[in-house]
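In what follows, a structure is listed as structure tokens, so that the remarks can point back to it.
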Amino acid sequence: MLTVETLDLFYGDAQALDGVSLTAGQGEIVAIVGANGAGKSSLIRSVHGMQTPSAGRVTFKGADITGWPSHRVCELGVGHVAEGRQIFPNLSVLENLEMGATLKRARGAMAATLRRVMALFPRLDERRRQAAGTLSGGEQQMLAIGRCLMGQPEMIMFDEPSLGLSPTMTQEVFRVIRALHEDGMTILLVEQNVMASLKLAQRGYVLENGRVVLEGTGQALLDSDRVRQAYLGL
Amino acid sequence: MLTDIVQATIMGLLTGMVYGLMALGLSVIFGVMRVVNFAHGEMMVVGMYLAWLLFERAGIDPLLAVPLVAAALFAAGYGLQRGLINPFINVAEHMQFMLLLALSIIIVNLCLLIAGPDTHGVQVDYMFDSYALGPFTFDAVRVYAALAAMAIAFLLYLFFTRTRIGKSIRAAADNHTGALVVGLDVPRLYALTFGVGAACVGAAGALMILVVQAQPFLAIDYTLLAFVIVIVGGLGSMPGALAGGLLIGVSESLAGLLIQPSLKSVFSFGLLILVLLLRPQGLFTRRG
Ligand SMILES: Nc1ncnc2c1ncn2[C@@H]1O[C@H](COP(=O)(O)OP(=O)(O)OP(=O)(O)O)[C@@H](O)[C@H]1O
Ligand SMILES: [Mg+2]
Chain X
373 MLTVETLDLF YGDAQALDGV SLTAGQGEIV AIVGANGAGK SSLIRSVHGM
423 QTPSAGRVTF KGADITGWPS HRVCELGVGH VAEGRQIFPN LSVLENLEMG
473 ATLKRARGAM AATLRRVMAL FPRLDERRRQ AAGTLSGGEQ QMLAIGRCLM
523 GQPEMIMFDE PSLGLSPTMT QEVFRVIRAL HEDGMTILLV EQNVMASLKL
573 AQRGYVLENG RVVLEGTGQA LLDSDRVRQA YLGL
Chain P
6 MLTDIVQATI MGLLTGMVYG LMALGLSVIF GVMRVVNFAH GEMMVVGMYL
56 AWLLFERAGI DPLLAVPLVA AALFAAGYGL QRGLINPFIN VAEHMQFMLL
106 LALSIIIVNL CLLIAGPDTH GVQVDYMFDS YALGPFTFDA VRVYAALAAM
156 AIAFLLYLFF TRTRIGKSIR AAADNHTGAL VVGLDVPRLY ALTFGVGAAC
206 VGAAGALMIL VVQAQPFLAI DYTLLAFVIV IVGGLGSMPG ALAGGLLIGV
256 SESLAGLLIQ PSLKSVFSFG LLILVLLLRP QGLFTRRG
């Protein structure tokens, strides 16, 4: 479904990605693990066209999308639940969700998708007229996920969806991701909760200083010394 | 005397509604893109000249010319943003300033070239009509211009709250990264915003020609006036721009009555300085 080949990304002179390659098959959960500043978000933003890589190739559903602007990438079915949630604080909850469905691919079915999202997150339904900025952190994360679903994506890239959330809310986020997976969604998951994300994922990649240093099945990574020492503190 | 004051206040409110529409254009452009349109008064004057031309050459009443002028300014604003301003969106502010200043000088000189330095007004047949209400009289032209300005402001409100594109523009203003994340075509939305802002000020110009004669050098006055209104009302706030327009309209009108017409802008600038000193976020914004 998604193929990333030898991607390089620079911010000025600083290299954030160095020959990164990865794949995600249809219906797979693929975890990306790495310390702060390893380049996880940069990788996701490059796939999404929010950052322009200087070398390498990104293909999605067989189309070469390298260098495409983000709205065209979305239109092809790539969803993004971004770091920091990136909701629209002064727009109402409902308007935030509508903004997720401005894509041509999602406009027609908006009413039906909205019902599905509201059923998945009843809290959002209760607060539909409220300004999104007044929601709690957990509710804002639900909104970010719901807004992404409004675009009817075929693959979702989650960037630290449980950051700053309470344990109950974190569980809720993982529950939603598992449910999406069971519905056949392809998922790229960046999580600071390494144990939980590798348990959930079929495969994973370990990113250090912009390079993939290790890849394998979720279980293999959990068992590897490198992951146990650097990320699980065992 | 009291009658005179009330009368002047009403006149000021009517003119202020057109000022409000003009300032709304500036506020929309700034609120969404953080670009200060230093050519705003120039666009106003272009709107006045277009309405005058349509009246002189085709006999179209300025009130009916408003949609045409607004459409022309929309197209110009859209094209201008796409071609000229967009590459400057993320550069230092002084470079944006130079660009828009250059643009304003070009516009004024084109107006001079085409229409000359003389003033041009329109003689509509209801020019001297007025409505009487008790001891007060309202010039018909001012009443029509004010009502049209309010109607346009209301349409703008509907655009921003009811339409997909209007909401998308608000979303892009609210969170630029968020807009990219959900797949909004932000450069296109910016171009539309500049078009909408230009259409507002163009429409305000077409209405203003009913009460003021067009002249190229009015442009700088209107640019300053729009800034004063937007700062008094609160940067980027649409209701603030309208309320600021009314306030400045009234202050000009009262200054003209109580002091001297030629000193009317002293009042407005005095108000500006007071607001900057005491309430720099603007009079009509809730949050600082
Ligand atoms: N917009 C930017 N401009 C310049 N440098 C950046 C920018 N964004 C990220 N970087 C740098 O690129 C490197 C990778 O950052 P990135 O945000 O991709 O890391 P990350 O793995 O997502 O980290 P975190 O866990 O903190 O989110 C870091 O060194 C960071 O400082
Ligand atoms: Mg990150």
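So the protein lines, in turn, are chains X and P. Convert by adding 372 to the 1-based position in the first sequence; the result is the number in our numbering. Convert by adding 5 to the 1-based position in the second sequence; the result is the number in our numbering. Glycine included, each C-beta is placed from N, C-alpha and C at the ideal position. These numbers were taken from a predicted model, which means no experiment stands behind them.
- Counting along the chain, the unbroken alpha helix (DSSP H) around Y24/P starts and ends at 7-38.
- Neighbours of M514/X in chain P, taken as residues at a C-beta separation under 8 angstroms, are lacking, since the least C-beta distance is about 15 angstroms.
- For T228/P, the enclosing alpha helix (DSSP H) has its first and last residue at 223-238.
- Against N42/P, chain X offers no close residue; the least beta-carbon distance is about 22 angstroms (beta-carbon pairs closer than 7 angstroms).
- Bounds of any beta strand (DSSP E) do not take in E526/X, whose DSSP letter is neither H nor E.
- Of A120/P, L152/P, V40/P, the smallest CA-CA separation from H99/P is found for V40/P.
- Within the same chain, Cβ atoms closer than 7 angstroms to the Cβ of A81/P are found at A203, the five residues on either side in sequence being excluded.
- Those residues of the stretch 177-199 of chain P placed with their C-beta closer than 7 angstroms to a C-beta in chain X are D179, N180, T182, G183, L185, V186, V187, G188, L189, D190, ordered along the chain.
- For the pair of segments examined, the stretch 70-79 of chain P was found to touch the stretch 193-212 of chain P: the number of CB pairs separated by less than 8 angstroms reaches three.
- Straight-line measurement puts the Cα of V562/X at about 18 angstroms from the Cα of S538/X.
- For chain P, none of the residues of the stretch 540-557 of chain X brings a beta carbon within less than 9 angstroms of one of its beta carbons.
- Less than 8 angstroms divides the Cβ of S464/X from the Cβ of R500/X.
- At a cut-off of 8 angstroms between C-beta atoms, R39/P does not count as an interface residue with respect to chain X.
- Not one beta carbon of chain X lies nearer than 8 angstroms to the beta carbon of R147/P.
- Under the DSSP assignment, F141/P falls in the beta strand (DSSP E) whose first and last residues are 141-144.
- With a threshold of 8 angstroms between beta carbons, R284/P makes no contact with chain X.
- Non-local C-beta neighbours of G250/P in its own chain, meaning closer than 6 angstroms and more than five positions away in sequence, comprise G21, Y24, G25, A28, I234, ordered along the chain.
- Chain P has no Cβ within less than 8 angstroms of the Cβ of L389/X.
- Taking C-alpha positions only, A454/X is separated from K571/X by approximately 22 angstroms.
- Taking C-alpha positions only, I10/P is separated from L486/X by approximately 55 angstroms.
- Along the length of the stretch 113-198 of chain P, whole beta strand (DSSP E) runs at least 3 residues long occupy 135-138, 141-144, reported in chain order.
- K269/P has its Cβ no nearer than 7 angstroms to any heavy atom of ligand 2.
- Under the DSSP assignment, A491/X falls in the alpha helix (DSSP H) whose first and last residues are 482-492.
- Remark: three or more beta-carbon pairs, one from each stretch, lie closer than 8 angstroms, so the stretch 47-56 of chain P and the stretch 110-119 of chain P are flagged as touching.
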